[in-house]
Amino acid sequence: MITKFYIYMRTFASGKHRFSFWTQGTKTMFIVVMTLLYIAGFSQPKNAILPGAYQTQTYFKWLKYKRVALFANHTATIEHKHLIDTLVNAGFHVVKAFGPEHGFRGTADDGKVINDTIDPITGIPIISLYGNKRKPTKEDLEDVDIILIDIQDVGTRFYTFISSVQEILESAFENNKSVILLDRPNPNGFYIDGPVLDTTYRSFVGMQPIPIVYGMTIGEYANMLIGEHWLSKQADRNFYEHYAQHEFSKYLPSFLIVRCKNYDHNSKYQLPIPPSPNLPDMASVYWYAGNCLFEGTVLSEGRGTPHPFCYIGHPSLPDTLFSFIPKPGPGAANPKLNGQTCFGWNLFAPEQEVLNSINNHLPIQYLLKAYQLFPDKTHFFMLPKNGDKKMSAFNRLAGTDELMKQIEAGLSEGSIRASWQPKLQAFKKIRKKYLLYKDFY
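Quick note: the sequence shown uses UniProt numbering, first residue 1, plus one each step.
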């Protein structure tokens, strides 16, 4: 079934089932042609990496005369223009948009509840998937024919955009709606590492048994969700029944991934736009993979500083170390240890120095150092009010309780990494089936 699925999707992408829209309205045809010419005219270096959104010739034709919903945030751009503006200007009927954590325009604080709103630029309703609900309802999709997904991920399990994508795919397939996913490069897609999630610790910061750094684009991960039957039973059944019976509309794909151009898993992709307020640069993006685990401790992970996830510290660490003071700012209205002098580490450095420090491994070295130096180890990890370590924030981020136990037991970094290998090797075999781009092996 998986092999047939990929063959069929390639057939769709190759154009065998394409239909002509050029005679369906002179005015709309002119708008679309001009938009295509405008986008084609962008000056791009030869062999530049281009996200799926740029491949308008592949997906614009499916949007003609359809009611479109867009799942995106501020990273959904073609050059410097937001995709929703491009679609509206091209005459497509965008009926609504869905927004993730940090909101549709990407300015809200980490973890802040987002309410439904109206996009001030286009007047289109924005339904929040990080507020009262995480999944589009049947009612949300009643006036929708096709959902267009375009969002920049950073390739870590606890970055919640992949959880939102899963919820959207489930809702779409449960309600027999079409989905087009515009793929984007993974800036951490050149390695795989970290503990594989134990489904006992499943939450919105980790929904499936994958490692913290899983080395896949959102498109590849969506392939895995479908191929491994990780979606809801109804979504899975609907998808495969429609595929098996060839009940695809002549005018709509059931599911289509628009690939990036010139990207592979050896690429060190430079993000053109910060994906969220606390990932302002590539140093933060690279260190985030390991240093986000500090969110489950009493230490500051650097929110409220110029370099989140590069500044790590606490007032009780030795005062001979680097010092900083977290202060309120964009994306951090009330940062941890607000206004207190923290001592710790400044890991901010030029990109290549950071890459050399990480060396294609989940960076946990400063987590281990911090625990070793912390004077009150019984209060290093943040615990629920009932004191239950098992369901602590740290264990949800790690996807297991083993890492906390290993740190408390004083295991070496090498021993901890070795313990991940059996499940990592099993994951790599599964992952390989769903790759759309050349791997780094």
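We put the CB at the ideal spot given by N, CA and C, even for glycine.
Computed from a predicted structure; not experimentally measured.
- The shortest C-alpha to C-alpha distance from ILE146 to any of VAL95, PRO274 and ALA426 is the one to VAL95.
- Taking 8 Å as the upper bound for CB-CB distance, ILE126 and ASP140 are not in contact here, some 12 Å apart.
- In the structure shown, ASP439 falls within a coil segment according to DSSP collapsed to helix, strand and coil.
- Classified as buried, GLU101 has 16 or more neighbouring CB atoms from the shown chains inside 10 Å of its CB.
- GLU142 and PHE255 have their C-alpha atoms spaced approximately 18 Å apart.
- In this structure, LEU293 is the residue among SER316, PRO315 and LEU293 with its C-alpha nearest to the C-alpha of PRO308.
- Note on the region 163 to 225: there is no whole alpha helix (DSSP H) run with a minimum of 4 residues.
- Residue environment for GLU170: buried (at least 16 other C-beta atoms within 10 angstroms of its C-beta).
- The C-beta distance from PHE98 to ILE168 rounds to 7 Å, short enough to meet the 8 Å contact threshold.
- A direct Cα-Cα distance of roughly 40 Å separates LEU411 from ILE114.
- ARG184 and PRO51 have their C-alpha atoms roughly 5 Å apart.
- Here the region 327 to 336 makes no contact with the region 345 to 361; the two share fewer than three CB pairs at distances below 8 Å.
- For VAL285, the enclosing alpha helix (DSSP H) covers residues 282 to 291.
- If you draw a straight line from the Cα of LEU87 to the Cα of HIS93, it comes to about 8 Å.
- The C-alpha of ALA409 lies about 43 Å from the C-alpha of HIS74.
- In the DSSP assignment, ASP85 falls outside any beta strand (DSSP E) and lies within the alpha helix (DSSP H) extending over 83 to 89.
- Counting only runs of at least 4 residues, the region 277 to 350 fully encloses the following alpha helix (DSSP H) elements, listed from N- to C-terminal order: 282 to 291.
- Of the candidates ALA172, TYR130 and GLU241, TYR130 places its Cα closest to the Cα of TYR159.
- The distance from the Cβ of ASN186 to that of ASP153 is about 6 Å, consistent with a contact at the 8 Å cut-off.
- By the neighbour-count criterion, in which a residue is buried when 16 or more other Cβ atoms sit within 10 angstroms of its Cβ, SER415 is exposed.
- Between the alpha carbons of ILE78 and TYR54 lies a gap of roughly 6 Å.
- Per DSSP, the beta-bridge partners of THR156 are VAL213.
- Residue burial is scored here from C-beta neighbours: GLY387 has fewer than 16 other C-beta atoms within 10 angstroms and is therefore classed as exposed.
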